[in-house]
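Since the structure comes first, as structure tokens, the remarks are kept for the end.
Residue numbers (the UniProt record's numbering), protein chains in the order written: chain A, 1 to 568; chain B, 1 to 568.
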């Protein structure tokens, strides 16, 4: 492509709304342009990147045996009512009425539609398994769209769905898709990690997220460098301490703790180790307020808490008035001693002795609280988020934490949708059975932002060969002023194009500094600078995007050099 | 592709909702599956056809210098309010509110959004001309979605937009795009005609439709076989009669015409030539009812009528009560004699003498009515639809009529949107100017239906090589029972695939009759049947979809034969 026949439009400064590096760089490099909150046009240069990602995703889906189709973006409410998600999905589902006042939504996902297609098509076990995918623009009406295309309202997604006679068949396809996802992210050149994950609003029994590692990621991942264990911190199990609960060694004492509202206040007021303190959180449950206890330096994992029977899901915190009525004290001085309701202690708290807790009396705490002596043995559960250094749940090392951007998610849905929508088949014995089902998503447009978040420097984006809008940039110094430069640039352009290489010849009539800076900003992985001075010796300057300096290369050799680099 | 790893699902009978051959065949061949009114899933086999069309469209757009991007499908109301179309567009525009109660629509077209992009990007004449395109799923909330994907609510469209410093530049790009459209429809192997067209709700000064010729088409095209003139009948000019108005030869007489309500009644009651009668239509105008007159055998062209100054647009017919008040008679006996309001005569009527018209008295008509003698000379306009045999407006022959399916439309929008949205640039003299603009649409998904409407037989669809879901079908007779057949089929499949040919090996364990019928139904252009009997002689059966019988060909030669057929 010649830049004069393309559309490049870069900015010196990113618009002030952009926070993340990827968002700033995508705006500055002209990859996207904002239309409205969470709605972006993919400009020509960004569109090329998007298509390159899409192509790799498509190739690997086909290799994995998934068959492409495309379902309507607009979906009738009836199917969502059948699955129960019309009520459940909340405001992220963009709902609308057609001219006949019938309810529809703009699909954020397609479990209902594909299950409807399959239940109409499949009668017999002989037709299974099936695996379909599509690449589609979806809509999710985010509360707070942000970070450009990272959390946009309209986005491009690859979603796949598989249908099976039994769980073993589902597990086999799940593994095939898992492997395909690894190949996709490998080919894209991303540093990523598959992690065990919660199934969230999609539902089902098991799932993995594919997280691109980046400091700015919204997700926290717990992983074990020695064993390979990895899970979203939402899900990572905090195992019980290896050592048993010590014996009680102190009497229970009430201490006046004026103005102590937080664990930090308490630690500083009593001058004690934070690990001796216990944090109390009161949530709503089916039989009234429930007291959850985690150690002072730990944080409550809300997802774990809301999965406990009898606790409201989604989790809600008890109102101040309800807390005072139940405990006789305000938050800041709460604890298990004397509380008549349900008490659940995190595994770590259950193994503590001589605890410091609130006394259920304003500005009063107890020290030396012991289970079984001062207060009944509690119900025990895993309630907290893991911390670095915690033992890995697989027993083979210690956990570390890092941040990631979720770009893919695979789910074993089992029969959640097939049962609700009666997607059945006749088995070998002629008996009707409900299909097993899996679903597999990739955030195609988000991958572009995630890749940039992981690969940039002060000069701009650093794209891999696989994702770059153009693999090679030819930058002639004086295309419109030197016949020699023009001839050399045109010849190299023709040679690289003939070799099937995606090349941009920047023939715009701009200052050399602008051409060089734009090429670096948009992240082209390979650059050839052609100028009169070098051509006198028959040379051009070749540089990879990460290189600190260019190398002088004979013009006659540079195409072969690039072909070799791309092949390796 | 092996059929066992693909998804084929054909039906013996089309669902009863389908009327058109293309709709029936697309459902029977499993190309599409209905989700709701006007909403279809493109099943794997149909998806392949859609992608082949899309690819040709994309290649020709790129060849024409248009640069691809993708804009959001969901558009904010503000831009449509700026252009004035939020009010004007009516119920076909699917409107919705987001979670913050802000107005949006699901875009049926993108003039507003692209103009917004360009007005933010372009400052100088040096940046023009620009030409962008996208391939996108759009939504139009049709009153009566029908004929499957022919008139669906959700559809795939290629829309392109160009921006210019002046009209000459617009005209040059318009011609480039017009030529690209011709190449697209040529490559798709469609019989089509570019016709002059009305600009409709898009607006602008000039436009052409690309019509695929088919008897079932909703559009009527007037064309001149000798001169090449072609226009949508909505737009085709009915020229004035070549011969001047004859002199009056009869006196005006009032005739009692009981029960005569229509022109047919009148002709039969008076036993006269229909060409002596005049039809009266009363429409609403800014100064009250307007009487439009066309000859008895002609039909009113509503689009022509509503373009006349002082007549309401869109055209509305006068209410019966208003008619009685203005004429003193009911419809069926109306005419110009004695009417005090505005009278507009079609060019043909203006050239008539001794006319038969209503007398503005129930059950009474006049014969022998003459302009200038019995009634004032009327205002004259082109009011009627052309008929076969009418002179061509270019003066070079006679018109014929045929039916077509609109699959493309190009518009010279001029400054309709750029002015409303203030898309300006600084010219060479530093003066601010409004951009000239063009837009260019292709109904990608409709093309599939139109192609089938034009190419089918009693056995099913007949696809061209360019559009077929697979170019070649290999049909082994007994793949699961004969090792020889299996080996030959596998080898040929590998050979054709290696040659880059898109081939379907139907390795399903079905009866031969099913495999043969399915291949014909889905319209594969080339078929190779492999059976034990032929293989004994080293032969297979080759047949093109339109052939009445197969040809015996040595297995060793059939790949070369097919390569030759495809190359020619």
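All residues carry an ideal CB built from backbone N, CA and C; glycine is no exception.
- If you check the CB distance, residue 211 (chain A) and residue 404 (chain A) come in under 8 angstroms.
- About 12 angstroms separates the beta carbon of residue 524 (chain B) from that of residue 496 (chain B), a gap too long to meet the 8 angstroms contact definition.
- For residue 468 (chain A), not one C-beta of chain B is nearer than 8 angstroms to its own C-beta.
- In summary, residue 11 (chain A) is exposed, with fewer than 16 beta-carbon neighbours lying within 10 Å of its beta-carbon over all protein chains present.
- Going by DSSP, residue 454 (chain A) is part of the alpha helix (DSSP H) stretching over 444 to 454.
- A Cβ-Cβ separation of about 4 angstroms places residue 453 (chain A) in contact with residue 214 (chain A) under the 8 angstroms criterion.
- Only 33, 35, 36, 39, 40, 41, 42, 43 from the stretch 25 to 43 of chain A bring a Cβ to less than 8 angstroms from some Cβ of chain B.
- Note that the C-beta distance between residue 257 (chain A) and residue 384 (chain A) is not below 8 angstroms.
- Taking 8 angstroms as the cut-off, the beta carbon of residue 521 (chain A) is found closer than this to the beta carbon of residue 460 (chain A).
- For residue 211 (chain A), none of the residues of chain B pass the 7 angstroms Cβ criterion, the least Cβ distance being about 26 angstroms.
- Each of A:456, A:333, A:127 was checked against the Cα of residue 26 (chain A), and the nearest Cα belongs to A:456.
- At a cut-off of 8 angstroms, the C-beta of residue 393 (chain B) has no neighbouring C-beta in chain A.
- For residue 564 (chain A), the enclosing alpha helix (DSSP H) stretches over residues 555 to 567.
- In the three-state DSSP reduction, residue 23 (chain A) falls in the helix class (H, G or I).
- Taking 8 angstroms as the CB threshold, residue 139 (chain A) lines the interface with chain B.
- Relative to the Cα of residue 5 (chain A), the nearest Cα in the group B:130, B:356, B:514 belongs to B:130.
- Three or more pairs of CB atoms, one per stretch, sit closer than 8 angstroms, so the stretch 369 to 385 of chain A contacts the stretch 340 to 355 of chain A.
- Interface annotation for the stretch 51 to 71 of chain A against chain B: 65, 67, 68, 69, 70, 71, criterion Cβ-Cβ distance under 7 angstroms.
- The continuous stretches of alpha helix (DSSP H) do not include residue 138 (chain A), which lies in the beta strand (DSSP E) extending over residues 130 to 139.
- The alpha-carbon separation between residue 235 (chain A) and residue 52 (chain A) amounts to approximately 33 angstroms.
- For residue 117 (chain A), the closest Cβ of chain B is nearer than 8 angstroms.
- In the structure shown, residue 501 (chain B) falls within a coil segment according to DSSP collapsed to helix, strand and coil.
- The beta carbons of residue 445 (chain A) and residue 135 (chain A) sit about 10 angstroms from each other, so the pair does not count as a contact at 8 angstroms.
- Contact between the stretch 410 to 429 of chain A and the stretch 241 to 260 of chain A is absent: fewer than three C-beta pairs spanning the two stretches fall below 8 angstroms.
- Contact annotation: residue 137 (chain B) and residue 36 (chain B) have beta-carbon atoms that are not nearer than 8 angstroms.
- Nearest CB-CB separation between residue 76 (chain A) and chain B: below the 8 angstroms threshold.
- The beta carbon of residue 64 (chain A) sits closer than 7 angstroms to the beta carbons of 176, 177, 180 from its chain, once the five residues preceding and following it are set aside; these are given in chain order.
- With a beta-carbon spacing of about 30 angstroms, residue 276 (chain B) and residue 394 (chain B) fall beyond the 8 angstroms limit used to define contacts.
- Shown here, residue 460 (chain B) sits in a strand according to DSSP, grouped into three states.
- Against chain A, the beta carbon of residue 113 (chain B) has neighbours under 9 angstroms at 35, 41, listed in chain order.
- Between the alpha carbons of residue 295 (chain A) and residue 216 (chain A) lies a distance of about 28 angstroms.
- Counting along the chain, the unbroken beta strand (DSSP E) around residue 364 (chain B) starts and ends at 364 to 369.
- The bridge partners DSSP lists for residue 75 (chain A) are A:105.
- For the pair of segments examined, the stretch 431 to 448 of chain A was found not to touch the stretch 236 to 251 of chain A: the number of CB pairs separated by less than 8 angstroms stays below three.
- Using a Cβ-Cβ cut-off of 7 angstroms, residue 9 (chain A) is close to 121 of chain B, given in chain order.
- Look at residue 386 (chain B) here: in three-state DSSP terms it is coil, with no helix or strand label.
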